[in-house]
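*Asks:* Numbering-wise, the sequence shown is residues 6 to 145 according to the working numbering.
For each residue, glycine too, the CB sits at the ideal point set by N, CA and C.
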Amino acid sequence: FVGFVDRVDLAEDGTLHLVDYKTGRPRSQEAVDADRQLTAYAWAAARGALRDPANGATLPPASRLALYFAEPGLELATTRSEEQLAAFEADLRAMVAAVRRRAFDARPSEGACRWCDYAARCPDAAWRPAAPLTPREGLR
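Written as structure tokens, this is what we have:
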């Protein structure tokens, strides 16, 4: 997972606010409350991964998380508890352990396989890229 927090605000009271900008249709508050990307950012902040660019100091854990939907100009905010962050970490550790064991099954779908770099070689692929034209076929 590689992610970039779109906006990091250090409020006057010293709390940290993280905002991720989104295009497209807004999500529900329930979806924002369950958003794994925001949870990952909150987890990283709580573990000291965010630094103040001015002085390198570790920023505090996030007290506010939000998705900002650009088209309607709507911001939906949420928080994460220590229990939620601990559950995320346990899930993350389990996923890493499974990958290290190479214990991950393909879950093919046309939508997922279209973006997969291995679709052409995967025996389970639900979609395959078109075969490239040979020079002779391209001239017809």
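1. So is the beta-carbon of residue 34 under 8 Å away from any non-hydrogen atom of the ligand ATP?
2. Alpha carbon to alpha carbon, what distance is there between residue 58 and residue 131?
3. Taking only three categories from DSSP, how would you classify residue 82?
4. For residue 21, does the count of other Cβ atoms within 10 angstroms reach 16, so buried, or fall short, so exposed?
5. Do the CB positions of residue 52 and residue 40 come within less than 9 Å of each other?
6. Could you tell me whether the segment 60-80 touches the segment 16-30, where touching means 3 or more Cβ pairs closer than 8 Å?
*Replies:* Result, derived from the coordinates:
1. The ligand ATP is not part of this structure, which contains no ligands at all.
2. Translated into the one-based positions of the sequence shown, residue 131 becomes position 126. Translated into the one-based positions of the sequence shown, residue 58 becomes position 53. Going by the C-alpha atoms only, they are around 45 Å apart.
3. Locating residue 82 in the sequence shown gives position 77, where the first residue counts as 1. Residue 82: strand per DSSP, three-state reduction.
4. Reading the sequence shown from its first residue, position 16 is the one you call residue 21. Buried: at least 16 other Cβ atoms inside 10 Å.
5. On the sequence shown, residue 52 is found 47 positions in, with the first residue counted as 1. On the sequence shown, residue 40 is found 35 positions in, with the first residue counted as 1. Cβ atoms of residue 52 and residue 40: not closer than 9 Å.
6. Yes, the segment 60-80 is in contact with the segment 16-30.
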